[in-house]
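Here's the structure, in structure tokens; my notes come after.
There are 2 protein chains.
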Amino acid sequence: MAASVYQATVSAPVNIAVIKYWGKRNTELILPTNDSLSVTLDQDHLMSKTTSRADPSFQGDRLWLNGEEELIKKGGRLERCITEIRAMRKQLEDQDSSLPNLSTWGLRICSENNFPTAAGLASSASGFAALTFSLSTLFALEPAFTRSQLTRIARQGSGSACRSLMGGFVAWQSGSAEDGSDSLALEVAPREHWPELQALICVVSDAKKGTPSTAGMQRTVATSPLLQERIRSVVPKRMEDISAAIQARDFDKFAEITMADSNNFHATCLDTQPPIFYMNDTSRNIIQLVEEINRASLEAGGKRIIAYTYDAGPNAVLYHDKQHSELIIQTIRHYFPNADFDDTFNILGAGISASHRGPQGPVALPASLPKAFNGAIIPVHEPGAVGRLLHTQVGDGPRVIEHRDNGMTGLLDEQGEPIRLMRTKKE
Amino acid sequence: MAASVYQATVSAPVNIAVIKYWGKRNTELILPTNDSLSVTLDQDHLMSKTTSRADPSFQGDRLWLNGEEELIKKGGRLERCITEIRAMRKQLEDQDSSLPNLSTWGLRICSENNFPTAAGLASSASGFAALTFSLSTLFALEPAFTRSQLTRIARQGSGSACRSLMGGFVAWQSGSAEDGSDSLALEVAPREHWPELQALICVVSDAKKGTPSTAGMQRTVATSPLLQERIRSVVPKRMEDISAAIQARDFDKFAEITMADSNNFHATCLDTQPPIFYMNDTSRNIIQLVEEINRASLEAGGKRIIAYTYDAGPNAVLYHDKQHSELIIQTIRHYFPNADFDDTFNILGAGISASHRGPQGPVALPASLPKAFNGAIIPVHEPGAVGRLLHTQVGDGPRVIEHRDNGMTGLLDEQGEPIRLMRTKKE
Chain D
21 MAASVYQATV
31 SAPVNIAVIK
41 YWGKRNTELI
51 LPTNDSLSVT
61 LDQDHLMSKT
71 TSRADPSFQG
81 DRLWLNGEEE
91 LIKKGGRLER
101 CITEIRAMRK
111 QLEDQDSSLP
121 NLSTWGLRIC
131 SENNFPTAAG
141 LASSASGFAA
151 LTFSLSTLFA
161 LEPAFTRSQL
171 TRIARQGSGS
181 ACRSLMGGFV
191 AWQSGSAEDG
201 SDSLALEVAP
211 REHWPELQAL
221 ICVVSDAKKG
231 TPSTAGMQRT
241 VATSPLLQER
251 IRSVVPKRME
261 DISAAIQARD
271 FDKFAEITMA
281 DSNNFHATCL
291 DTQPPIFYMN
301 DTSRNIIQLV
311 EEINRASLEA
321 GGKRIIAYTY
331 DAGPNAVLYH
341 DKQHSELIIQ
351 TIRHYFPNAD
361 FDDTFNILGA
371 GISASHRGPQ
381 GPVALPASLP
391 KAFNGAIIPV
401 HEPGAVGRLL
411 HTQVGDGPRV
421 IEHRDNGMTG
431 LLDEQGEPIR
441 LMRTKKE
Chain L
21 MAASVYQATV
31 SAPVNIAVIK
41 YWGKRNTELI
51 LPTNDSLSVT
61 LDQDHLMSKT
71 TSRADPSFQG
81 DRLWLNGEEE
91 LIKKGGRLER
101 CITEIRAMRK
111 QLEDQDSSLP
121 NLSTWGLRIC
131 SENNFPTAAG
141 LASSASGFAA
151 LTFSLSTLFA
161 LEPAFTRSQL
171 TRIARQGSGS
181 ACRSLMGGFV
191 AWQSGSAEDG
201 SDSLALEVAP
211 REHWPELQAL
221 ICVVSDAKKG
231 TPSTAGMQRT
241 VATSPLLQER
251 IRSVVPKRME
261 DISAAIQARD
271 FDKFAEITMA
281 DSNNFHATCL
291 DTQPPIFYMN
301 DTSRNIIQLV
311 EEINRASLEA
321 GGKRIIAYTY
331 DAGPNAVLYH
341 DKQHSELIIQ
351 TIRHYFPNAD
361 FDDTFNILGA
371 GISASHRGPQ
381 GPVALPASLP
391 KAFNGAIIPV
401 HEPGAVGRLL
411 HTQVGDGPRV
421 IEHRDNGMTG
431 LLDEQGEPIR
441 LMRTKKE
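Protein chains in written order, with my numbering: chain D, 21 to 447; chain L, 21 to 447.
Structure, rendered in structure tokens:
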């Protein structure tokens with residue numbers, strides 16, 4: 021029966037913006053008020069996996085997310101993505117009658133994230149990227165349609181999802197067309213261009229839930245006088261400058277712009293009525309620590325060696341070059357004790373297991389810190405202020421795991437039901 | 021000997037800006053990058069008191085601040101103020117030979133603040149206003165020189181000091197002249213225009229010292245792209261709108277603009293490289309509480325009844341109308357237990373002494389809160405998160421306490437030495 025199975029299983033990565041997306045010019049089509057640029061993170065560590073199957077026997081479409089069925093609402097984002105991508109398949113079928121009419125069959129879609137919600141990472145970007153890519157693979161849309169054309173679909177599921185359809189360094193152009201046809205993601209540079217770039221994700225404990233970004237960004241559009249300046253002149257200049265810094269692998273410049281744009285974005289949130297706060301005192305302490313590390317490095321005649329960036333939450337993402345990863349991780353572990361730490365790259369050596377958990381006691385400041393570093397810049401925090409550290413690196417784009425085989429490596433069983441149901445609840 | 025004593029003792033008030041001053045176009049003359057507007061607070065509660073005496077027997081000038089002698093540095097701000105104001109006296113003496121030549125005599129100046137440093141209020145504004153006004157009184161500069169002309173002197177001691185030379189509602193015009201001759205303070209409305217306006221100062225505990233405002237504001241001028249938009253269009257519009265709101269005694273509008281401008285100012289601090297943080301998590305919780313009180317009031321068909329504003333520190337100043345003072349104070353005391361509280365206006369009634377101190381145990385939320393108020397908006401904090409509450413109101417301008425008498429009510433003894441030495445250390 022293998023021949024009769026039309027299925028694709030793919031994985032898609034998380035991306036973290038260095039020039040932030042905040043504000044929509046069209047909320048229906050998800051067209052942004054400004055360009056943005058992100059780094060794609062390694063799927064070996066963080067990813068969404070999605071299996072899509074088309075079968076003439078399926079009645080309508082069904083979708084499961086982390087083991088729980090999601091209703092595909094009429095006019096909702098899920099339906100919009102599925103409808104648009106079906107239309108693209110239909111075009112191919114109209115041009116080539118030998119193709120099976122997959123566009124007319126029902127779909128079964130099953131998606132899972134490999135990273136814990138505790139990571140505080142928005143899974144919608146990798147999730148909608150995986151959905152889009154699994155369907156485009158199932159429908160064999162490439163190369164007739166380009167990857168950039170596919171980003172238009174992912175964008176309508178979740179804006180930043182369009183940036184997760186490519187690896188390395190990705191720009192999302194706001195575009196100007198009313199229908200959003202020119203609001204696409206483009207690769208600025210592949211992972212291979214700058215493979216030494218790593219990211220340490222610091223999961224910051226926070227009592228209260230922040231304002232949801234979808235609601236928050238439109239409140240900023242409506243009430244912040246400073247956002248207009250950000251859109252008009254701050255971002256366009258920074259898009260140029262950071263693209264050049266990436267081409268030149270100039271970490272110092274990359275770091276300067278990344279930190280400035282994170283602060284500029286959060287400044288427009290504070291300028292919103294009522295104000296929106298995403299960073300808390302722990303987030304701010306990490307900023308002061310990072311600024312002090314760079315200050316000391318610059319004072320010693322060196323350059324910036326670390327950059328922070330914050331999305332719509334208190335978690336820090338710390339970009340750095342591989343050569344400084346031990347210095348940075350041990351410094352963070354000194355000031356923020358007992359964070360769970362996945363030692364992905366075996367930074368800590370054989371002394372500590374590859375996936376170290378729980379209390380570690382005090383960690384000394386690394387001797388490799390610049391001499392001028394002021395150790396009293398922030399206090400050593402209570403254990404758990406940073407609950408978890410995830411160490412990863414720049415990664416590639418979505419991957420095809422299997423295509424039209426018997427589905428053994430997919431997430432759906434023979435009947436097109438999820439192999440793992442209620443996975444999230446079970447674990 | 022009374023006749024031979026030339027002395028003036030005055031008091032000058034604190035002022036809290038509702039349109040913030042942040043950035044100098046000339047650091048030497050202290051010329052601001054934008055207009056600002058403040059409310060003068062009641063001297064019965066917070067003030068600086070200064071006695072100035074001129075005597076032909078004095079060798080040079082000497083000055084004491086809170087019982088400690090301050091060196092009057094060559095080219096420093098103290099010297100600049102004294103020199104400029106002497107020059108004004110000299111003009112009068114040149115025009116009227118019957119005047120004693122006070123401008124050629126030595127000076128003894130003694131100044132004290134009546135409010136604790138713990139209040140976290142910048143004393144430089146009231147201090148330089150008191151210095152300027154005591155000398156202008158000693159030299160009998162008014163009415164030959166207008167009060168606005170005197171603000172030019174105070175401004176060169178400490179920018180915002182120019183706003184403490186007038187009562188009620190005071191605008192400081194940035195002006196455009198190179199020499200600063202048109203950068204003056206003007207009265208927008210006297211205290212009597214809106215006597216019901218009160219202020220609750222919440223002194224927020226904070227571990228670390230923030231960036232000094234003098235250094236901080238110039239870093240913002242040098243590095244924040246958003247500050248230029250604030251200077252160019254945000255502030256000019258708000259100066260017009262809040263002046264109109266004050267003329268109309270429209271608290272709702274006054275509150276909306278005051279809160280927006282406080283957030284706009286702190287947004288430019290966050291947009292600075294490296295970023296400047298003045299508010300901490302407690303400050304932000306007070307903001308969320310105030311926004312919720314107003315939201316609930318608006319939802320009930322009412323208007324905004326409270327406004328927060330933050331200067332270069334974590335302390336909140338909460339403006340409100342007298343009629344809502346009990347509601348606001350009891351709500352703050354509920355969420356921030358055990359703050360020292362000077363019950364200036366006997367809000368708490370006979371039940372609690374006029375100057376209540378220390379632990380008070382839990383305080384219930386007032387029944388007068390709008391029905392829609394969400395009591396879970398912020399948690400009840402640890403005792404001491406807000407260490408002190410100061411309740412005051414809009415006040416008048418500087419007052420002459422004594423002039424050319426025998427100095428009994430002044431701060432200097434017969435010899436021109438401070439009556440209280442090292443006052444701060446003794447208490």
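Beta carbons are placed, not taken as given, at the ideal position from N, Cα and C, and that holds for glycine.
Helix, strand or coil for residue i per DSSP?
i	result
HIS213/L	helix
TYR41/D	coil
SER282/L	helix
GLY371/L	No answer about GLY371/L holds up, because its pLDDT of 48 lies below 50 and its placement is not dependable.
THR234/L	helix
ARG269/L	coil
VAL34/L	coil
ARG408/L	strand
PHE78/L	coil
MET67/D	strand
THR243/L	helix
HIS344/D	helix
HIS423/D	strand
PRO334/L	coil
ALA275/L	helix
PRO438/L	strand
ASN366/D	coil
ASP360/D	strand
ASN133/L	strand
Any C-beta of chain D sitting closer than 8 Å to the C-beta of residue i?
i	result
LEU309/L	no
ILE372/L	Because ILE372/L carries a pLDDT of 49, less than 50, the predicted location of this residue cannot be relied on, and no value is offered for it.
PHE297/L	yes
ARG304/L	yes
ASP301/L	yes
PRO357/L	no
GLU249/L	yes
VAL3/L	Since the first residue shown for chain L is 21 and the last is 447, residue 3/L is missing from the structure and cannot be characterised.
LEU431/L	no
ALA287/L	yes
LEU410/L	no
LEU246/L	yes
PRO294/L	yes
For residue i, decide whether its Cβ has a neighbour in chain L, counting only Cβ atoms nearer than 8 Å.
i	result
THR444/D	Caution applies to THR444/D, whose pLDDT of 47 falls short of 50 and renders its modelled position unreliable; the value that the coordinates give is listed next. No - not a single Cβ of chain L is within 8 Å of the one on THR444/D.
ASP291/D	yes
VAL241/D	no
Check each candidate in the options and name the one with the smallest Cα separation from residue i.
i	options	result
VAL255/D	SER146/D, THR53/D, ASP226/D	THR53/D
VAL241/D	ALA37/D, ALA164/D, TRP42/D	TRP42/D
GLY404/D	GLN111/D, GLY436/D, HIS354/D	HIS354/D
LYS93/L	PRO215/L, ASN86/L, THR103/L	THR103/L
HIS344/L	ALA332/L, GLN413/L, ALA142/L	GLN413/L
GLN308/D	THR292/L, LEU309/L, ARG315/L	THR292/L
ILE277/D	ILE36/L, THR243/L, LEU385/L	THR243/L
ALA28/D	SER144/D, THR157/D, LEU246/D, GLN111/D	THR157/D
VAL59/L	PHE78/L, CYS101/L, PHE189/L	PHE189/L
With a cut-off of 8 Å on the beta carbons, I'd call residue i and residue j a contact; round off their distance for me.
i	j	result
VAL30/D	ALA150/D	6 Å
PRO33/L	GLY415/L	5 Å
TYR339/L	LEU217/L	6 Å
MET108/L	PHE165/L	6 Å
GLY436/L	ARG175/L	Not really, about 28 Å apart at Cβ, beyond 8 Å.
GLN267/L	ALA359/L	That pair is no contact at about 34 Å.
GLY179/D	ARG440/D	29 Å between Cβ atoms; not a contact.
Taking any Cβ of chain D, which residues in the segment 259–285 of chain L have a Cβ under 8 Å from it, in chain order?
GLU276, MET279, ALA280, ASN283, ASN284
Taking a cut of 9 Å between CB atoms, which residues from the segment 209–243 of chain L lie near chain D?
ALA227, LYS228, THR243
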